[in-house]
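Those letters in the sequence shown? Residues 15 to 93, per the working numbering, in order.
Using N, Cα and C, we set each Cβ at its ideal position, and we do this for glycine too.
Everything numeric in this text was worked out from a predicted model, so none of it was measured.
See structure below.
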Amino acid sequence: MYDILLGALLVISVLIIIAVMMQPSKQQDALNALTGGAGELFANRKARGFEAVMQRATAILGGLFFVIALVLVYLSAHK
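See the structure below:
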């Protein structure tokens, strides 16, 4: 059981890295950090399409990583 969860944790780790690297870059956000972002005061927009899918996938994989890591800690403490 421990070895299976450890393997799953490694696979999820690689998938999280891939999901984060595939997310679209936010070049404008970096520029706003330098200029103060006054130009986009009312430009809050919801993520759509590929960006939304990648954000959701990253959040789900992060949650799975956290849960599996906690289960592994519990199993290693009670061996």
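Assign residue i to buried or exposed, taking buried as 16 or more other Cβ atoms, counted over all protein chains shown, within 10 Å of its Cβ.
i    : result
A91  : exposed
I102 : A query on residue 102 cannot be resolved here, the shown segment of the chain reaching from 15 to 93 and no further.
A73  : exposed
L75  : buried
F33  : Reading off the sequence, residue 33 comes out as Ala, not Phe. Looking at its Cβ environment, which holds 16 or more other Cβ atoms inside 10 Å, A33 is buried.
For the alpha helix (DSSP H) holding residue i, just list the boundary residues, first then last.
i   : result
R62 : Run containing R62: none; DSSP gives neither H nor E here.
M35 : 16-36
Using a Cβ-Cβ cut-off of 8 Å (strictly less than) and excluding sequence neighbours within five positions of residue i, which residues of its own chain qualify?
i   : result
F64 : P38
V85 : L19
F79 : L23, I26, S27, I30
I82 : L19, A22, L23, I26
Could you tell me how far apart the beta carbons of residue i and residue j are, in whole angstroms, since I believe they sit closer than 8 Å?
i   : j   : result
M15 : M36 : Going by Cβ atoms, the distance from M15 to M36 rounds to 31 Å, so no, they are not a contact pair.
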